[in-house]
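Numbering of the sequence shown is given in the working numbering, commencing with residue 104 and proceeding in unit increments.
Written below as structure tokens is the structure these notes are about.
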Amino acid sequence: MLGHVALYLLPSFPMRNLFAYKFALNEEQNFPTLYSALAVFFCSVLFAIIAFVKTNLKDYYRWSWQGLSVIFLYLSMDELLGLHESFSNPLHKLGINGILHNAWVIPGAVAVIIFMIIFYKFFLHLPRYMKRLFLIAMIVFIGGAFFVEVIGGYYKFIHGEKNIGYALITTVEEVMEMLGVVVLIHALLTYITQLEILQINLSFNLTRKNSGVIDH
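Below you can see the structure in the form of structure tokens.
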């Protein structure tokens with residue numbers, strides 16, 4: 104928001120455009136982008152921690168946790184480098200534009216559907232509180248990344264992007280994505296806490312069993 108306020112609401116001051124670019128939510132490779140990339144990368148790390156524990160326990164869904172860690176590692180790089188944007192130009196050449204001006208949402212939506220099919224059984228096995236938090240995170244994130252993105256793309260197609268209207272739409276989009284990631288981080292940290300309790304209980308039970316064998 105600082106970048107948009109500086110660019111559209113404040114009078115001109117030295118280095119205003121540079122300041123606006125560095126803090127604008129609708130630009131790439133600036134401070135908000137770095138924050139988002141690090142937050143998604145943190146999710147990847149948390150998934151990896153859970154995957155490590157699940158692998159040691161030989162859990163049936165250990166590969167799903169590992170896969171999620173890899174997926175979120177890619178998403179963090181995509182967030183930082185804007186890799187998904189490269190899909191739009193080839194689709195524009197095919198005549199796709201207008202309401203689908205941000206045409207990358209088409210392959211993105213296909214990827215989300217495939218993701219949901221692959222991880223459906225994994226999702227069902229999660230504890231109820233994790234299902235609820237995962238759903239909230241997904242709805243908020245996808246709502247911003249796809250639905251608000253489509254609105255923003257159409258607005259940009261009609262009115263351009265150098266105006267307060269587009270800035271407000273992209274702000275809503277990015278904030279929704281950030282909130283979705285925050286909810287996911289909360290879910291994963293809560294789950295890791297429960298895993299630690301489980302690990303402690305398992306270690307305690309094994310110690311008691313071993314002590315009983317030695318006593319006999």
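For glycine and all other residues, C-beta sits at the position ideal for the given N, C-alpha and C.
Range of the contiguous alpha helix (DSSP H) that encloses residue i
i	result
Leu149	134 to 159
Ser191	191 to 196
Glu264	Careful: Glu264 lies outside any alpha helix (DSSP H) and carries neither H nor E.
Glu188	Segment: none, Glu188 is in no alpha helix (DSSP H) and carries neither H nor E.
Inter-residue Cα distance where the pair is residue i and residue j
i	j	result
Ile295	Glu277	27 Å
Phe155	Ile202	43 Å
Tyr269	Tyr257	10 Å
Trp168	Asn133	30 Å
Ile199	Ala206	7 Å
Leu271	Lys265	11 Å
His195	Met281	28 Å
Gly263	Met233	40 Å
Gly283	Met180	18 Å
Lys259	Ile153	41 Å
Ile217	Pro210	11 Å
Ser147	Ser191	26 Å
Ala320	Leu197	Residue 320 falls outside the range modelled here, since the chain spans only 104 to 319, and no answer is possible.
Gly106	Ser139	Below a pLDDT of 50, predicted positions are generally treated as unreliable, and Gly106, at 47, falls in that range; the measurement from the model is reported next regardless. Straight-line Cα distance between these residues: approximately 16 Å.
Leu309	Leu292	At Leu309 the pLDDT is 48, less than 50, meaning the model places this residue with poor confidence; the figure from the coordinates comes in the next sentence. One C-alpha to the other measures close to 26 Å.
Pro193	Met279	27 Å
Pro135	Ile245	18 Å
Lys157	Ile221	19 Å
Leu171	Ala151	8 Å
Ala109	Leu137	Because the pLDDT of Ala109 is 48, which lies under 50, any placement of that residue in the model is unreliable, and the question is left without a value.
Ala214	Val208	9 Å
Tyr73	Leu298	One cannot answer for residue 73 here, as it falls past the ends of the chain, which runs 104 to 319.
Arg235	Val275	23 Å
Ile267	Ile261	14 Å
Cβ pair count under 8 Å reaching 3, the region 169 to 181 against the region 130 to 150: yes
Runs of alpha helix (DSSP H) lying entirely within the region 214 to 266, each at least 4 residues, in chain order: 223 to 228, 231 to 245, 252 to 262
Contact between the region 224 to 237 and the region 247 to 267 (3+ Cβ pairs under 8 Å): no
Segment contact, 8 Å Cβ cut-off, at least three pairs: the region 180 to 192 with the region 231 to 247: no
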